[in-house]
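Below is one structure, written out as structure tokens, with a few remarks after it.
There are 2 protein chains.
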Amino acid sequence: MNADDARHPFDRAIALEPQDHERWLGHTSPAYANMVGPYGGISAAQALQVVMQHPQRLGEPTALTVNFCAALADGPFTAIARPLRTNRSTQHWLVELQQQGETQLSATVFTALRRDTWGSDELRKPAVPAPAQCPQAPARGVAWLERYEMRFVEGSLPTEWDGEDHGSSLTRLWLRDAPPRPLDHASLTALSDAFFPRIWRRRAMRVPIGTVTMTVYFHADAAQLHRVGSGYLLGQAQAQGYRRGYFDQSAQLWSEAGDLLATSHQLVYYKE
Amino acid sequence: MNADDARHPFDRAIALEPQDHERWLGHTSPAYANMVGPYGGISAAQALQVVMQHPQRLGEPTALTVNFCAALADGPFTAIARPLRTNRSTQHWLVELQQQGETQLSATVFTALRRDTWGSDELRKPAVPAPAQCPQAPARGVAWLERYEMRFVEGSLPTEWDGEDHGSSLTRLWLRDAPPRPLDHASLTALSDAFFPRIWRRRAMRVPIGTVTMTVYFHADAAQLHRVGSGYLLGQAQAQGYRRGYFDQSAQLWSEAGDLLATSHQLVYYKE
Numbered sequence: 712m713n714a715d716d717a718r719h720p721f722d723r724a725i726a727l728e729p730q731d732h733e734r735w736l737g738h739t740s741p742a743y744a745n746m747v748g749p750y751g752g753i754s755a756a757q758a759l760q761v762v763m764q765h766p767q768r769l770g771e772p773t774a775l776t777v778n779f780c781a782a783l784a785d786g787p788f789t790a791i792a793r794p795l796r797t798n799r800s801t802q803h804w805l806v807e808l809q810q811q812g813e814t815q816l817s818a819t820v821f822t823a824l825r826r827d828t829w830g831s832d833e834l835r836k837p838a839v840p841a842p843a844q845c846p847q848a849p850a851r852g853v854a855w856l857e858r859y860e861m862r863f864v865e866g867s868l869p870t871e872w873d874g875e876d877h878g879s880s881l882t883r884l885w886l887r888d889a890p891p892r893p894l895d896h897a898s899l900t901a902l903s904d905a906f907f908p909r910i911w912r913r914r915a916m917r918v919p920i921g922t923v924t925m926t927v928y929f930h931a932d933a934a935q936l937h938r939v940g941s942g943y944l945l946g947q948a949q950a951q952g953y954r955r956g957y958f959d960q961s962a963q964l965w966s967e968a969g970d971l972l973a974t975s976h977q978l979v980y981y982k983e
Numbered sequence: 712m713n714a715d716d717a718r719h720p721f722d723r724a725i726a727l728e729p730q731d732h733e734r735w736l737g738h739t740s741p742a743y744a745n746m747v748g749p750y751g752g753i754s755a756a757q758a759l760q761v762v763m764q765h766p767q768r769l770g771e772p773t774a775l776t777v778n779f780c781a782a783l784a785d786g787p788f789t790a791i792a793r794p795l796r797t798n799r800s801t802q803h804w805l806v807e808l809q810q811q812g813e814t815q816l817s818a819t820v821f822t823a824l825r826r827d828t829w830g831s832d833e834l835r836k837p838a839v840p841a842p843a844q845c846p847q848a849p850a851r852g853v854a855w856l857e858r859y860e861m862r863f864v865e866g867s868l869p870t871e872w873d874g875e876d877h878g879s880s881l882t883r884l885w886l887r888d889a890p891p892r893p894l895d896h897a898s899l900t901a902l903s904d905a906f907f908p909r910i911w912r913r914r915a916m917r918v919p920i921g922t923v924t925m926t927v928y929f930h931a932d933a934a935q936l937h938r939v940g941s942g943y944l945l946g947q948a949q950a951q952g953y954r955r956g957y958f959d960q961s962a963q964l965w966s967e968a969g970d971l972l973a974t975s976h977q978l979v980y981y982k983e
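As they're listed, the protein sequences go chains A and B.
First residue of the first sequence? That's 712 in the working numbering, and the numbers climb one at a time after it.
First residue of the second sequence? That's 712 in the working numbering, and the numbers climb one at a time after it.
Below is the structure:
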């Protein structure tokens, strides 16, 4: 990586260098660093990117599940992608990101040639104020947060960590890449993980957390994402249950025009 | 399988016979047959069972993602399970069900030693009439449907396939194994797939469908499932978006006492 590199930080972060027919070399990205190790959303995007750039890929990414097996150390990793099954119009992939021969992340990716059908967004975009009417969240000294413009509509990070049970963990916010970048499936994957952990909102307590597994269903194809361009997305996230060290959170991402682009779910470890 | 086998049909269906240290022999189950091939929920339970009975398993199943790569043919299959990563108190598994050397189903399973923490069910069990007040759905000539007692609260299968857009795909029902069987993670996995495809409800049109991938997050551990025993579960399912051949549906399963036992999501192929 050199200072003259004119690419968007996201494109630099997901870049891969071929090693052989099923192995690529990638690097964790300082631009998307979290407090310890990389932002999970960028690791998920890197896992998807292995399939996106694979010469054998058939169709568009339609579902992705990424498992955070162990913390990626800052530095290089080996990405391995293998089609487990190729059908006439669909394909199932297995991806692993390895360091020192150990699996740090695994992912399964489903790609498909998509066809026109009846369609509907049953979960409608909630009525919220426009992005310009929502104040931009200040930077918070964490690299990856600087890579996203976030404008909270409701349910922002608690301003007081007083341990009061808020009852609900619902958050709604406008968000997009910073600087803006035309949306694609890789960046949509990363955006699906941009919701701070629901338990922080619910409990107003900053307990240690870590995402264990995340699934993204892509409702939008590449043409639709292209039409969204670098516009704002409305994101919504809420937990369903917290029990014995793990909670789940569900998320939805709509375009500003109101189209449901992706739905996502993750299971998160928490302490205390 | 012989007629004198006193085991519950579910236990017979998920039985596996060891081949070597990472391979087992299983069979599709006529008792859980769908219109074509096996019921997806039983295949998912079989995939989980490979890990459940694996001598190297650490902790309890906490998340499962199963990918239906191709239709399982009626008959035997080879199940392969491999721990991709073993940490101090968590483990990540890869499972494949193969026939004729081809992967028909892949799954990733996350197991964990769970500890007491603060907990809460943010998504509360809706107030509904008791099971005895809801009429039992009649058998419908499909084997796997005979394996479940279903008592619909709302959103049952349309009685008229008239193509009218119902606007919502929400279904709520009481359900349990038939005959009753003490709940465990394998049967809870199968129950997570027992919701008929949301698009049939939404459109009152029986379009061809097939689940592509399903994720289950287990909020309950074995001790909690043991307490539920063979009681009824309240299930709820609804679609979020339908677009270009694929829709997703989210589901929740509570105990009759009101504890959230599992949340689940799946992506489903549809035609037309």
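We put the beta carbon where it would ideally sit given N, CA and C, even for glycine.
In this text, all values refer to a predicted model and were calculated from it rather than measured experimentally.
Heavy atom of the ligand ATP within 7 Å of residue i beta-carbon
i	result
V777 of chain A	The ligand ATP is absent from the structure shown, which contains no ligands of any kind.
Proximity test, Cβ basis, 8 Å: residue i and chain A
i	result
V923 of chain B	yes
T789 of chain B	no
G956 of chain B	yes
M712 of chain B	Note on M712 of chain B: pLDDT 48, under 50, position unreliable in the model; the coordinate value appears next. No, its Cβ sits nowhere closer than 8 Å to a Cβ of chain A.
L945 of chain B	no
H976 of chain B	yes
F821 of chain B	yes
S817 of chain B	yes
K739 of chain B	Just to set this straight, residue 739 of chain B is Thr in the shown sequence, not Lys. For T739 of chain B, the answer is no, since every Cβ of chain A falls outside 8 Å of its Cβ.
Neighbourhood of residue i by C-beta distance below 7 Å, restricted to the same chain and skipping five residues each side
i	result
M746 of chain B	V853
P749 of chain B	T739, S740, Y743 and L783
L727 of chain B	W735, L736, G737, Q760, V761, Q764 and A790
M712 of chain A	With a pLDDT of only 48 at M712 of chain A, under 50, the local geometry of the prediction cannot be trusted, and the value read off the model is given with reservation. The residues are R723.
H877 of chain B	R912, R913 and A915
E871 of chain B	A915
V839 of chain B	V864, R883 and L945
Q810 of chain A	L783, A784 and F788
V820 of chain A	L759, V762, P772, L775, W804 and V806
From the options, residue whose alpha carbon lies closest to that of residue i
i	options	result
P741 of chain B	B:P893, B:R955 and B:S754	B:S754
P766 of chain B	B:P749, B:P794, B:L824 and B:G751	B:P794
E807 of chain B	B:L775, B:L978, B:T797 and B:W829	B:L775
T814 of chain B	A:R796, A:L834 and A:L899	A:R796
A781 of chain A	B:P787, B:A781, B:H803 and B:W829	B:H803
W885 of chain A	A:F906, A:P869 and A:A897	A:F906
S903 of chain B	B:P720, B:Q809 and B:T974	B:T974
V927 of chain A	B:S961, B:F721, B:R858 and B:L868	B:S961
L805 of chain A	A:P908, A:E983, A:P720 and A:E733	A:E733
6 Å CB neighbourhood of residue i in its chain, flanking five on each side removed
i	result
T801 of chain B	A823
W965 of chain A	K836, L945 and L971
I725 of chain A	A756, Q757, Q760 and A897
V939 of chain B	L894 and S966
R718 of chain A	none
A931 of chain A	L972
W855 of chain A	Y743, N745 and Y750
CB contact check: residue i to chain B, cutoff 8 Å
i	result
A758 of chain A	no
S961 of chain A	yes
W829 of chain A	yes
E733 of chain A	no
G952 of chain A	yes
E871 of chain A	no
C780 of chain A	yes
L971 of chain A	yes
Y981 of chain A	yes
A774 of chain A	yes
L899 of chain A	no
E875 of chain A	no
R883 of chain A	no
R826 of chain A	yes
Cutoff 8 Å; reference residue i; Cβ partners in own chain excluding five residues on either side
i	result
I910 of chain A	S880, M916, V918, I920, A950, Y953, F958, V979 and Y981
T924 of chain B	T776, V777, N778, F779, Q977 and L978
S941 of chain A	R887, D888, P891, R892, P893 and L894
Q847 of chain A	E860, M861 and R862
D785 of chain A	T739, P741, A744, G748 and P749
P849 of chain A	none
Residues that DSSP places opposite residue i in a beta bridge
i	result
M861 of chain B	B:L886
F907 of chain B	Its beta-bridge partners do not exist; DSSP assigns none.
S966 of chain A	A:L944
H803 of chain B	B:R796 and B:F821
F788 of chain B	B:G737
Inter-residue CB distance, residue i and residue j (contact presumed, cutoff 8 Å)
i	j	result
L971 of chain A	L834 of chain A	6 Å
A933 of chain B	E771 of chain B	6 Å
F929 of chain B	T828 of chain B	Not confirmed; about 15 Å, so no contact.
P720 of chain A	R826 of chain A	No, P720 of chain A and R826 of chain A are not in contact; Cβ-Cβ is about 35 Å, not under 8 Å.
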